[in-house]
Amino acid sequence: MSDKKKSHVNCSVFGCKSLYSTSSTISFHHFPKENEPKVLWLNKFGEKDLVNRRRMWAINLRMGKETIKKKNLRVCSNHFNKNDFFCQSAMNKKTRLKMTAIPTQKLPLSSIHHISPKKRSSPKKRKIIDIISEQKAQECNTSLNFDSLVRQDHDESEFENYNSDNGDSSVMNVVSQLYKEVNGNREFVDSATQVTSANIEIPFVSLIDSPKKLSTMTGIPSFQLLDKIIEIYRSEFPDKRIHHLNYKERILMVFLKLKQDLSFVVLSILFKNITAESCRLIYITLIPPLAQILGCSIYWPSKEEIIGSMPYCFKKFPNTRVILDCTEIPIQKPKCLACRIKLYSNYKSTFTLKFLIGVSPGGLITYISQPYGGRASDKSLFEQSGLIQKMNSSDAIM
Numbered sequence: 001m002s003d004k005k006k007s008h009v010n011c012s013v014f015g016c017k018s019l020y021s022t023s024s025t026i027s028f029h030h031f032p033k034e035n036e037p038k039v040l041w042l043n044k045f046g047e048k049d050l051v052n053r054r055r056m057w058a059i060n061l062r063m064g065k066e067t068i069k070k071k072n073l074r075v076c077s078n079h080f081n082k083n084d085f086f087c088q089s090a091m092n093k094k095t096r097l098k099m100t101a102i103p104t105q106k107l108p109l110s111s112i113h114h115i116s117p118k119k120r121s122s123p124k125k126r127k128i129i130d131i132i133s134e135q136k137a138q139e140c141n142t143s144l145n146f147d148s149l150v151r152q153d154h155d156e157s158e159f160e161n162y163n164s165d166n167g168d169s170s171v172m173n174v175v176s177q178l179y180k181e182v183n184g185n186r187e188f189v190d191s192a193t194q195v196t197s198a199n200i201e202i203p204f205v206s207l208i209d210s211p212k213k214l215s216t217m218t219g220i221p222s223f224q225l226l227d228k229i230i231e232i233y234r235s236e237f238p239d240k241r242i243h244h245l246n247y248k249e250r251i252l253m254v255f256l257k258l259k260q261d262l263s264f265v266v267l268s269i270l271f272k273n274i275t276a277e278s279c280r281l282i283y284i285t286l287i288p289p290l291a292q293i294l295g296c297s298i299y300w301p302s303k304e305e306i307i308g309s310m311p312y313c314f315k316k317f318p319n320t321r322v323i324l325d326c327t328e329i330p331i332q333k334p335k336c337l338a339c340r341i342k343l344y345s346n347y348k349s350t351f352t353l354k355f356l357i358g359v360s361p362g363g364l365i366t367y368i369s370q371p372y373g374g375r376a377s378d379k380s381l382f383e384q385s386g387l388i389q390k391m392n393s394s395d396a397i398m
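First residue of the sequence shown? That's 1 in the UniProt record's numbering, and the numbers climb one at a time after it.
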């Protein structure tokens with residue numbers, strides 16, 4: 001058994017019941033200070049980011065801004081991995097936490113636990129319910145009494161046996177006739193009851209029921225390709241959180257935004273039960289993984305593939321390897337003044353992102369550069385893209 005310690009310190013995490021006196025194996029650690037340097041953290045996409053350690057503690061432990069202002073907050077060792085601690089030596093047995101440690105174990109689902117009590121119905125509703133229950137009870141009793149009179153086990157054989165034993169044929173004939181009349185007069189009628197049901201909401205996704213509608217709304221040519229994208233996303237980027245929309249609805253929302261450029265308010269109307277802010281978060285969250293999934297579809301073909309798919313109109317230009325052009329996408333006005341200078345495009349007279357796009361003579365997109373500010377010239381984009389390194393000495397650029 002572990003030795004108990006005497007203290008009144010407890011874990012500040014919601015739902016955790018660890019006390020300082022519970023066990024000697026449990027250690028307690030202070031919240032990081034505000035001025036501590038940022039640490040490397042492996043995000044859910046497998047990429048390393050510099051994050052504020054104090055902020056990550058607050059997010060993972062579901063603590064608000066007012067809560068983390070308290071000075072006596074403690075977090076027990078049950079919320080950390082074993083790798084988050086320094087190895088204990090024979091000279092110093094005190095449990096010390098690493099400067100890069102972030103709690104990832106036994107995290108709370110919420111910092112507030114709501115339990116809504118069952119409200120008693122109003123007296124008027126209770127009276128109506130009592131009247132309906134009494135009527136149903138009376139109907140059940142009436143039907144039971146009728147069945148007990150009709151469904152008696154007095155078939156003709158029993159009447160005949162009784163007649164042979166007692167010899168009273170006149171009485172038995174009367175009873176037999178009454179029994180036949182009761183059974184013969186029973187009629188069964190099919191009846192139906194009209195019930196007013198609530199309005200059934202049809203999901204927006206169910207309206208996209210043909211490849212033509214799918215291509216028009218999202219740009220995806222077939223349902224097979226959509227199912228393949230969903231399958232890869234579920235396997236490579238699993239998400240155990242509870243969402244109002246399933247994988248298919250969220251992915252269709254992103255492609256609908258990219259294809260039709262609908263506002264998040266309009267998307268919240270089409271995809272019911274979510275707000276415009278939720279649509280924005282779904283869009284921001286799904287763009288990076290979808291870029292990784294679909295990025296492999298843009299590849300640099302070999303010279304033999306280019307020649308094999310060369311159109312007839314390029315007969316006079318057989319050495320053409322790629323046709324280049326720059327395109328600009330308007331963006332929101334940034335708050336940073338330095339960013340405004342880099343992103344402002346004199347050609348479009350607004351803030352844009354510029355891309356260098358390469359297309360093969362056969363019409364296949366073979367190259368997309370990294371985004372640059374709208375101020376950058378086409379020449380500087382070509383020089384910084386490194387596309388010239390993929391070319392051969394005999395290749396021509398149009």
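Don't be surprised by glycine CBs; every beta carbon is placed ideally from N, CA and C.
| query | result |
| --- | --- |
| Looking at residue 88 and the ligand ADP, is the gap between the Cβ and the nearest heavy atom below 6 Å? | As for the ligand ADP, it is missing from this structure, which has no ligand bound. |
| Just the C-alpha distance for residue 392 and residue 293, rounded to the nearest angstrom, thanks. | 29 Å |
| Residue 315 to residue 358, Cα distance in whole Å? | 20 Å |
| Within a Cβ cutoff of 6 Å, which residues of the same chain sit near residue 310, ignoring the five residues on either side of it in sequence? | 361 |
| So, does the stretch 267-281 touch the stretch 251-259, judging by three or more C-beta pairs under 8 Å? | yes |
| Using C-beta distances below 7 Å, list every residue in its chain close to residue 234, excluding the 5 sequence neighbours before and after it, in chain order. | 247 |
| Going by the DSSP bridge assignment, what does residue 322 pair with across the sheet? | 397 |
| Leaving out five residues on either side along the sequence, give the residues of the same chain with a beta carbon under 6 Å from the beta carbon of residue 340. | 334 |
| Here's the rule I'm using: 16 or more other beta-carbon atoms within 10 Å means buried, otherwise exposed. How should residue 365 be labelled? | exposed |
| Suppose you measure from the CA of residue 9 to the CA of residue 15; what does that come to, to the nearest Å? | 15 Å |
| Which residues bound the beta strand (DSSP E) around residue 367? | 365-368 |
| In terms of residue numbering, what span does the alpha helix (DSSP H) encompassing residue 255 cover? | 247-260 |
| Taking residue 263 as the reference, which of 280, 59 and 108 has the closest Cα? | 280 |
| Just grab the DSSP bridge partners of residue 76 for me. | 28 |
| What residue range does the alpha helix (DSSP H) around residue 223 cover? | 223-236 |
| How about residue 18 and residue 87: do their beta carbons lie closer than 7 Å? | no |
| Using 8 Å as the threshold, is the stretch 282-292 in touch with the stretch 220-239, meaning 3 or more CB pairs across them? | yes |
| How many whole angstroms separate the CB atoms of residue 337 and residue 373, which I take to be in contact at a CB cut-off of 8 Å? | The pair is not a contact, with the Cβ atoms about 13 Å apart (cut-off 8 Å). |
| With a 10 Å radius around its C-beta and 16 neighbouring C-beta atoms as the bar for buried, classify residue 400 as buried or exposed. | Absent from the structure is residue 400, since the part of the chain shown begins at 1 and ends at 398. |
| Excluding the 5 residues preceding and the 5 following residue 300 in the sequence, name in chain order all residues of the same chain whose CB lies nearer than 8 Å to its CB. | 366, 367 and 390 |
| Apart from the five residues just before and just after residue 327, which ones in its own chain have a Cβ nearer than 8 Å to its Cβ? | 354, 355 and 357 |
| Could you give the DSSP three-state label for residue 330: helix, strand or coil? | strand |
| Which whole-angstrom value is the C-beta distance of residue 221 and residue 211, which I expect to be below 8 Å? | 7 Å |
| Leaving aside the five residues before and after residue 13 along the sequence, list all residues of the same chain whose C-beta is less than 7 Å from its C-beta, in chain order. | 61, 75, 79 and 108 |
| Ends of the beta strand (DSSP E) at residue 357? | 350-359 |
| Ordered along the chain, which non-local residues of its own chain (more than five positions away) have a Cβ less than 6 Å from that of residue 398? | 320 and 323 |
| Distance check for residue 371 and residue 395, CA to CA, integer angstroms please. | 25 Å |
| Report the residue from 51, 27 and 29 whose alpha carbon sits nearest the alpha carbon of residue 38. | 51 |
| If we count the other Cβ atoms within 10 Å of its Cβ and call it buried at 16 or more, is residue 223 buried or exposed? | exposed |
| Is DSSP giving residue 347 helix, strand or coil here? | coil |
| Can you tell me whether residue 276 is buried or exposed? The criterion is at least 16 other CB atoms within 10 Å of its CB, across all chains shown. | exposed |
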